[in-house]
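Q: Residues 10 to 482, numbered by this note's numbering, are exactly what the sequence shown covers, in order.
The beta-carbon is built from N, C-alpha and C at its ideal position, and this holds for glycine as well.
My structure is below; once you've seen it, I'll send some questions.
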Amino acid sequence: MSLQTRPSYSAGGATPDSRVQKFNVDDSLQGECKRSDEQGLRRHASSSNDDDDESMQPHPKPYHHQSGADYPDGGKDAWLTVLGGFLAMIAGLGYTSSFAVFEAYYLTHQFAGSASVGPNDVAWIGAINLWGTFGLGIPAGILLDRLGPKVPMTIGLVFVVVGTMMNSLASDHFYEFLLSQGLCCAIGYGMVFNPAVSLPNQYFFKKRGVVNGLVVGGTSVGGVIWPVILDRMLNHSTLGFAWAVRIAGFIQLALLLAATLLLKARLPLHQIKGPPPFGKMFTDTRYVLFIIATLIAFFGLYAPYIFISAYGVQHGSSVTNSFYMSAALNAGSFFGRFIIGALADRVVGFFNMMTISCFLTAMVAYAWSGVSDSAGNYVWGTVYGFLSGGVISLLSPCVAPLAASPQQIGQYVGVGTSLAALGALGSGPIAGRLVANYPGNYVPAQMFVATVILVGSLVYAACRVTVSRAWRI
């Protein structure tokens with residue numbers, strides 16, 4: 010085997026081959042650097058464009074944690090949870106939505122001719138019920154997210170049943186009604202409301218509007234059947250007030266027991282310790298505007314649910330007929346919650362539908378002052394219930410996508426409804442005070458109700474623009 014000798018070169022020198030290789034390597038590196046620079050420029054331009062796009066949005070990634078693939082949108086547990094929420098709403102907010110029945114009954118029976126108890130005083134009972142339903146959202150949401158639905162539901166069941174049974178023992182002292190039907194029941198309603206409206210959002214994405222309409226529709230079903238049941242027991246039997254209310258309490262017990270067994274969380278319990286993420290919530294302009302809009306609208310939204318029966322009595326309706334006016338309002342509310350929820354799902358989106366529904370509710374509220382007979386009150390109540398029911402049913406679907414994570418939906422809904430509850434608390438008493446200040450004249454109260462709902466709709470519109478500039482949102 011022969012070896013071919015090559016000329017030697019100094020250490021600092023370079024062979025011709027190595028010079029060629031060096032040239033090729035240098036050329037290759039320069040090409041790579043050039044390509045790298047071009048790619049970097051493209052990435053930088055893309056990043057800059059993305060930044061520019063995001064800077065055009067009031068809040069980037071409005072639904073960053075939401076993906077339809079993350080939700081089963083059906084299944085046995087999902088629909089049983091919907092049923093549980095529906096039953097809880099019949100027993101809770103459905104009973105509260107029938108308070109117009111008690112307003113009319115108390116003013117014509119327990120406090121008839123009373124110089125110290127008037128419409129605005131009795132309205133405080135219904136207002137406290139509404140405040141408790143929405144205002145205890147923070148503790149109820151924390152319990153739900155960290156301990157599961159059974160704990161808040163059981164607490165709520167106990168307070169509702171005890172409060173209703175104590176209400177049956179109340180005589181002619183106003184504070185007895187205020188503490189039992191007002192405060193005690195309000196605590197219970199607040200504990201059951203949050204699980205009922207929050208848990209279905211863990212299962213549904215595409216059908217969220219319809220499902221929430223079904224759940225919150227339990228309020229309307231309760232608002233229809235409770236006036237009928239109470240009318241038959243109070244006005245067409247020998248049971249008397251005490252036993253009529255006790256029977257209502259036993260019905261609530263059965264409904265809430267079933268709801269407690271049916272409601273089930275899909276996601277793991279939220280393990281983060283400490284209070285809700287208030288800093289993250291209240292630096293989100295979308296969330297803050299939504300809460301402000303709901304707070305303002307609530308100052309007027311629920312007043313007709315409290316006063317429609319008393320308004321009917323003043324315009325010549327019998328007590329029985331006035332009970333059925335409340336039922337008509339809630340019947341309209343049921344269809345509104347379902348139909349408006351479906352339209353939001355399939356056509357215009359939750360925030361668009363919320364703005365439209367709230368605005369139309371205000372327009373119908375202005376028309377209330379033109380109603381002066383029973384037939385007109387039935388028609389007006391049905392239309393108002395239809396539109397206002399849509400507003401109420403869209404609260405949770407609008408808040409859910411704003412939450413920092415799906416596990417925190419309960420806390421976001423809870424904090425939002427807790428603050429908005431101040432509006433519900435003031436709704437009945439303010440309208441009642443206006444009625445008391447202008448005896449026999451509901452127009453000032455009706456104008457107040459319509460105006461605050463209108464202002465709420467304008468703030469909803471501002472919120473909708475802040476969430477996204479897209480057409481369907």
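Buried or exposed: where does Ala-121 fall if 16 or more other Cβ atoms within 10 Å of its Cβ makes it buried?
A: Exposed: under 16 other Cβ atoms inside 10 Å.
Q: Determine the DSSP secondary structure at Phe-120, reduced to helix, strand or coil.
A: coil
Q: Who are the Cβ neighbours of Asp-82 in its own chain at under 8 Å, not counting the five residues just before and after it?
A: Tyr-212, Phe-213, Phe-214, Lys-215, Lys-216
Q: Taking just the CA atoms, how far does Arg-295 sit from Ser-477?
A: 10 Å
Q: Restricting to Cα atoms, I'd like to know which of Ser-106, Leu-188, Lys-273, Asp-293 is closest to Pro-410.
A: Asp-293
Q: Quick check on this structure: which residue in Val-392, Pro-204, Ser-378 has the alpha carbon closest to the alpha carbon of Leu-96?
A: Pro-204
Q: For Phe-344, which residues in the same chain have their Cβ closer than 7 Å to its Cβ, ignoring the five residues on either side in sequence?
A: Within the same chain, Phe-344 has close Cβ partners Phe-395.
Q: Below 8 Å, can you find three or more Cβ-Cβ pairs linking the segment 431-438 to the segment 296-306?
A: Because the criterion of three Cβ pairs below 8 Å is met, the segment 431-438 and the segment 296-306 touch.
Q: Could you tell me whether the Cβ atoms of Gly-390 and Leu-338 are closer together than 7 Å?
A: The answer is yes: Cβ separation under 7 Å.
Q: Assign Arg-44 to one of two classes, buried (16 or more other C-beta atoms within 10 Å of its C-beta) or exposed (fewer than that).
A: Its pLDDT being 47, under 50, Arg-44 is placed unreliably in this model, and the coordinates cannot settle the point.
Q: Near Leu-178, what residues of its chain come up, given a Cβ to Cβ distance below 8 Å and the 5 sequence neighbours on each side ignored?
A: Once the five neighbours on either side are set aside, the close Cβ partners of Leu-178 are Glu-185, Ser-189, Ala-251.
Q: Express the C-alpha separation of Phe-111 and Met-242 in angstroms, rounding to a whole number.
A: 13 Å
Q: Could you check if Ala-481 is buried or exposed, using at least 16 other CB atoms within 10 Å of its CB as the buried criterion?
A: According to the sequence displayed, residue 481 carries Arg and not Ala. Arg-481 comes out exposed.
Q: Could you tell me the alpha carbon to alpha carbon distance between Ser-378 and Ile-151, rounded to whole angstroms?
A: 42 Å
Q: Since I believe Thr-90 is in contact with Leu-272 (beta carbons under 8 Å), could you give me their beta-carbon distance rounded to a whole number of angstroms?
A: 6 Å
Q: Could you check the C-alpha separation between Pro-128 and Ser-436 for me, to the nearest Å?
A: 13 Å
Q: Measuring alpha carbon to alpha carbon, tell me which of Val-230, His-118, Val-357 ends up nearest Leu-264.
A: Measuring from the Cα of Leu-264, the nearest candidate turns out to be Val-230.
Q: Could you give the DSSP three-state label for Ile-365: helix, strand or coil?
A: helix
Q: Just to confirm, are Leu-239 and Gln-416 a CB contact at a threshold of 7 Å?
A: no
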